[in-house]
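Read top to bottom, the protein sequences are chains B and F.
Once you know that position 74 of the first sequence is 74 in UniProt numbering, the rest is easy, because the numbers rise by one and skip nothing.
Once you know that position 166 of the second sequence is 166 in UniProt numbering, the rest is easy, because the numbers rise by one and skip nothing.
Note that beta-carbon positions come from the ideal geometry of N, C-alpha and C, so glycine has one too.
Notes follow the structure.
2 protein chains.
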Amino acid sequence: MATIARLAGVSPPTVSRVLNGRSDVAADTRRRVEQLLREHGYRRPGAILPSPRIEVVFYGLETNLAIEMMRGVQAVVNEHDLGLGFTEVPADPSARQRSWCDRLLTQRPTGVIIVHSQFTAEQHAQLAAGAIPLVAADPNGQPTQPVPSVSAANWQGAVAATRHLLELGHRQIGVIGGPVESLYARERMEACRAALEIAGVPLRPRLARTGEFSFESGLAHGSELLSQPDPPTALLCANDLQALGVCKAARQLGLRIPQDLSVVGFDGIDAGNWCDPALTTVRQPFRDIGAAAANLLLALIAGPVPALTRVELPTTLVVRDSTAPPRS
Amino acid sequence: MATIARLAGVSPPTVSRVLNGRSDVAADTRRRVEQLLREHGYRRPGAILPSPRIEVVFYGLETNLAIEMMRGVQAVVNEHDLGLGFTEVPADPSARQRSWCDRLLTQRPTGVIIVHSQFTAEQHAQLAAGAIPLVAADPNGQPTQPVPSVSAANWQGAVAATRHLLELGHRQIGVIGGPVESLYARERMEACRAALEIAGVPLRPRLARTGEFSFESGLAHGSELLSQPDPPTALLCANDLQALGVCKAARQLGLRIPQDLSVVGFDGIDAGNWCDPALTTVRQPFRDIGAAAANLLLALIAGPVPALTRVELPTTLVVRDSTAPPRS
DNA sequence: CTGAAAGCGCTTACAG
DNA sequence: CTGAAAGCGCTTACAG
Chain B
1 MATIARLAGV SPPTVSRVLN GRSDVAADTR RRVEQLLREH GYRRPGAILP
51 SPRIEVVFYG LETNLAIEMM RGVQAVVNEH DLGLGFTEVP ADPSARQRSW
101 CDRLLTQRPT GVIIVHSQFT AEQHAQLAAG AIPLVAADPN GQPTQPVPSV
151 SAANWQGAVA ATRHLLELGH RQIGVIGGPV ESLYARERME ACRAALEIAG
201 VPLRPRLART GEFSFESGLA HGSELLSQPD PPTALLCAND LQALGVCKAA
251 RQLGLRIPQD LSVVGFDGID AGNWCDPALT TVRQPFRDIG AAAANLLLAL
301 IAGPVPALTR VELPTTLVVR DSTAPPRS
Chain F
1 MATIARLAGV SPPTVSRVLN GRSDVAADTR RRVEQLLREH GYRRPGAILP
51 SPRIEVVFYG LETNLAIEMM RGVQAVVNEH DLGLGFTEVP ADPSARQRSW
101 CDRLLTQRPT GVIIVHSQFT AEQHAQLAAG AIPLVAADPN GQPTQPVPSV
151 SAANWQGAVA ATRHLLELGH RQIGVIGGPV ESLYARERME ACRAALEIAG
201 VPLRPRLART GEFSFESGLA HGSELLSQPD PPTALLCAND LQALGVCKAA
251 RQLGLRIPQD LSVVGFDGID AGNWCDPALT TVRQPFRDIG AAAANLLLAL
301 IAGPVPALTR VELPTTLVVR DSTAPPRS
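If you want it as structure tokens, here you go:
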């Protein structure tokens with residue numbers, strides 16, 4: 001402290017006042033001292049600094065995907081001997097005792113990865129004020145918050161799924177999308193639409209639906225689409241859960257998969273493998289997304305990174321048993 | 001510090017030596033000073049004590065169950081404004097860069113919940129030496145480590161499942177167990193055996209198998225059991241994953257569920273609801289287990305708790321569409 | 001193994 | 001808004 005005082009041309013008591021956040025210091029002096037303090041990495045003697053830790057904040061996510069992502073983050077975190085925190089933001093806001101943001105500002109993790117980032121400008125400002133670095137993983141797009149992010153190639157994945165059905169010979173292809181307010185759900189839907197149009201079999205409005213990312217939504221929209229007079233021979237779904245719902249709807253209507261109906265999901269959850277027939281899907285590299293987000297966060301902790309850094313990882317079409325050529 | 005010195009009848013330098021773990025202090029003096037230090041809750045001045053945090057350590061677990069358990073822990077943790085850490089111990093020991101135990105001793109969480117506790121006496125001693133309180137959740141039983149624990153009523157659950165099949169009229173009931181080294185897998189198997197015997201339809205050796213907690217194991221053992229000349233009309237499985245494998249095996253052999261074969265799982269994973277037919281199962285209250293473990297841990301942090309405290313939560317039979325009366 | 005004395009780093013109360 | 005002086009809590013080097 002004496003050194004800092006000498007360099008700043010002030011007395012030790014003044015440095016002490018800055019350290020303790022007293023108000024009776026000239027703004028100019030304060031700035032100068034703070035600058036030197038930072039440069040010299042000053043630490044209170046005897047202060048045990050809390051061990052560094054990365055916090056992952058989930059806004060409700062398929063359990064399977066959450067764990068995969070945690071595994072990716074953990075791999076990186078272990079290499080650097082950091083701790084790993086877990087927060088799930090309850091879907092029901094009334095259940096939130098304190099905002100996760102307040103909580104994090106008390107806990108002071110070294111950095112935060114936010115998954116399915118539905119956070120507000122206010123929360124973003126709060127974290128920025130607390131100087132806690134932040135990275136978004138698989139954001140469904142709130143482009144108002146300029147945060148470095150990692151996501152998957154939704155567009156390419158949806159195109160690959162569509163082409164797969166076209167190559168099998170399907171021409172009556174239906175699409176069930178995700179919620180309209182979700183940017184990435186739209187990205188998938190529009191990719192399907194574009195791929196179909198380019199192939200010369202434009203998506204018919206009566207075969208397109210807007211659903212939710214849930215089993216129930218797949219069941220409802222599937223029943224409705226498949227009960228039509230001239231039903232689709234193949235369905236592209238917003239995610240695997242919805243696709244499993246469609247499978248159930250198909251069976252309830254006496255349709256066999258894949259003989260009477262081909263179904264494609266999106267995500268690559270474990271359950272897609274356990275169900276019968278195993279689900280053809282577009283796998284998102286959740287583990288890699290977690291690892292990439294952690295690495296990006298570490299880069300951000302080490303020094304500034306362009307705010308709009310965006311890492312996009314490839315998706316993979318996984319062909320299993322729920323798709324086949326159409327019957328006729 | 002001066003107060004402590006006075007009360008202990010020593011000089012401040014001696015207290016300082018104890019605080020800094022110097023070796024040149026008489027064992028007796030050290031004990032006396034440490035005692036007073038603890039009683040008075042002495043803290044280094046200026047030391048920012050790290051915010052309290054609970055760490056949950058998983059030994060490979062169904063993703064679904066892990067998240068449910070985390071949710072239960074989080075509910076308690078939020079109430080008390082604690083942090084929540086996550087560690088998954090890789091199944092492959094060579095992947096472990098440093099033992100999770102060493103890592104935890106650096107991180108120093110306020111307490112640890114270990115899930116599926118396959119830890120050694122050495123690790124137990126390490127944590128005890130670090131004075132980190134420990135609770136086991138859903139332990140598969142390593143009774144050598146005397147740790148307070150929370151688990152579910154495996155025996156009662158398996159009995160309920162068996163009685164359900166008996167009440168439906170099944171008399172040709174098969175059982176696929178879990179690994180022999182798993183205490184709770186044996187508990188389930190023995191409960192089935194006992195319930196069958198009491199009902200006067202003892203389990204025939206040719207209908208009993210020892211498997212793994214996996215889809216593949218269910219597929220393999222299911223195929224084999226159902227290909228027998230006089231096959232079972234119902235199968236009790238070690239867990240849901242295995243049961244889903246059995247369902248696939250049945251369909252491959254042209255058997256319909258539940259008309260030709262009834263199947264019961266154990267756990268209550270989400271996928272059991274998404275598959276068709278929805279799986280009858282014994283639900284374990286994973287969220288409650290997490291919450292109970294967290295509460296037990298908080299009690300342990302607040303003061304001593306009998307080492308053999310064991311909380312056992314009830315399981316519930318969930319009847320869905322994979323069970324029905326036998327055909328004949 | 002322990003204490004009296006000196007010292008270190010920080011903070012506080014006072015004066016201007 | 002700032003510094004010289006006094007003080008506080010802890011540690012260190014020395015002596016026995």
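(message) Please determine whether the Cβ atom of Ala292(F) lies at a distance below 7 Å from any heavy atom of the ligand SAM.
(response) The model on display carries no ligand, and the ligand SAM is accordingly not part of it.
(request) Find the nearest neighbour of Ala152(B) within the set Pro179(B), Thr120(B), Ala250(B), His116(B), judged by alpha-carbon distance. (result) His116(B)
(message) Within the continuous alpha helix (DSSP H) that includes Tyr59(F), where are the two ends?
(response) Where Tyr59(F) is concerned, there is no enclosing alpha helix (DSSP H), although the beta strand (DSSP E) it sits in stretches over 53 to 59.
(request) Mind checking the region 70 to 85 of chain B against chain F and listing, in chain order, the residues whose C-beta falls within less than 8 Å of any C-beta there? (result) Met70, Arg71, Gln74, Asn78, Glu79, Asp81, Gly83, Leu84, Gly85
(message) Using a Cβ-Cβ cutoff of less than 7 Å, which residues in the same chain neighbour Leu255(F) once the five nearest sequence positions on both sides are dropped?
(response) Leu226, Leu261
(request) Less than 8 Å between the CB atoms is what I'm expecting for Thr162(B) and Ala195(B), so what's the real figure, rounded? (result) 4 Å
(request) Would you list the one or two residues that DSSP bridges to Phe213(B)? (result) Looking at the DSSP assignment, Phe213(B) forms no beta bridge with any residue, so it has no partner.
(message) In whole angstroms, give me the CA-to-CA distance for Pro258(F) and Val73(B).
(response) 42 Å
(message) Does Ser217(B) pass the burial test, meaning 16 or more other C-beta atoms within 10 Å, or should it be called exposed?
(response) buried
(request) Please say whether Ala191(B) and Pro158(B) have beta carbons closer to each other than 8 Å? (result) Strictly speaking, residue 158(B) in this sequence is Ala, with Pro absent from that position. Their beta carbons are under 8 Å apart, which means Ala158(B) touches Ala191(B) by this criterion.
(message) One question on the structure: do Asp240(F) and Gly265(F) come within less than 8 Å of each other, judged by their Cβ atoms?
(response) yes
(request) For the beta strand (DSSP E) containing Thr87(B), list its first residue and its last residue. (result) 83 to 89
(request) Starting from the C-beta of Arg327(B), find all residues in its chain whose C-beta is less than 8 Å away, skip the five residues before and the five after it, and write them out in chain order. (result) Thr233, Gln259, Asp260
(message) Quick check: what's the CA-CA separation for Val76(F) versus Ala294(F)?
(response) 6 Å
(request) For the beta strand (DSSP E) containing Arg310(F), list its first residue and its last residue. (result) 310 to 313
(request) Within the same chain, show all residues whose beta-carbon is closer than 6 Å to that of Arg283(F), passing over the 5 residues directly before and after it, in chain order. (result) Gly268, Thr316, Val318
(request) Report yes or no: is there a C-beta of chain B within less than 8 Å of the C-beta of Ala271(F)? (result) yes
(message) So, for Pro146(F): in the same chain, excluding its five sequence neighbours on each side, which residues have a beta-carbon less than 7 Å away from its beta-carbon?
(response) Ala307, Leu308
(request) Note down, in chain order, all residues in the region 251 to 268 of chain F with a beta-carbon under 9 Å from any beta-carbon belonging to chain B. (result) Arg251, Gln252
(request) Kindly indicate which three-state DSSP category Asp230(B) falls into: helix, strand or coil? (result) coil
(request) Tell me, please, whether the region 50 to 62 of chain B touches the region 96 to 109 of chain B by the rule of three or more beta-carbon pairs shorter than 8 Å. (result) yes
(message) For Glu34(F) and Cys275(B), I'd like the C-alpha separation in whole angstroms.
(response) 60 Å
(request) Give the single residue among Pro325(B), Asp102(B), Ala26(B) whose Cα lies nearest to the Cα of Glu167(B). (result) Pro325(B)
(message) Considering Cα atoms alone, identify which of Gly21(B), Ala27(B), Val15(B) is closest to Leu37(B).
(response) Val15(B)
(message) Can you check which of these residues, Asp270(F), Pro205(F), Leu134(F), is closest to Val175(F) by C-alpha distance?
(response) Pro205(F)
(message) If I measure Cβ to Cβ from His170(F) and keep anything under 7 Å in the same chain, skipping five residues before and after, which residues do I get?
(response) Thr233, Ala234, Ser262, Pro326
(message) Between Thr162(F) and chain B, is the shortest Cβ-Cβ distance under 8 Å, so that the two count as touching?
(response) no
(request) Starting from the N-terminal side, write out each stretch of the alpha helix (DSSP H) that is 4 residues or longer and does not extend beyond the UniProt domain "HTH lacI-type" (1 to 51) of chain F. (result) 2 to 8, 12 to 19, 27 to 39
(message) Between which residues of its own chain and Gly156(B) is the CB-CB distance below 8 Å, once the five residues before and five after are set aside?
(response) Just to set this straight, residue 156(B) is Gln in the shown sequence, not Gly. Closer than 8 Å at the Cβ level, and outside the excluded window around Gln156(B), lie Ala191, Pro314, Thr315.
(message) Between Gln123(B), Gly83(B), Ile114(B), which has its C-alpha nearest Leu104(F)'s C-alpha?
(response) Gly83(B)
(message) List, in chain order, every chain B residue whose beta-carbon is nearer than 8 Å to that of Ile176(F).
(response) Chain B residues near Ile176(F): none, gap ~16 Å exceeds 8 Å.
(message) So, for Leu134(F): in the same chain, excluding its five sequence neighbours on each side, which residues have a beta-carbon less than 6 Å away from its beta-carbon?
(response) Val112, Leu127, Val147
(request) Following the continuous alpha helix (DSSP H) through Leu253(B), name the residue where it begins and the one where it ends. (result) From DSSP, Leu253(B) is part of no alpha helix (DSSP H); its letter is neither H nor E.
(request) Return yes when the Cβ of Asn64(B) is within less than 8 Å of the Cβ of Asp321(B), no when it is not. (result) no
(request) Could you please give the first and the last residue of the uninterrupted beta strand (DSSP E) stretch that includes Ala131(F)? (result) Here Ala131(F) belongs to no beta strand (DSSP E), and DSSP marks it neither H nor E.
(request) Could you pull out every residue in the same chain whose Cβ sits closer than 8 Å to the Cβ of Glu187(B), ignoring the five residues on either side in sequence? (result) Asn154, Trp155, Ala158
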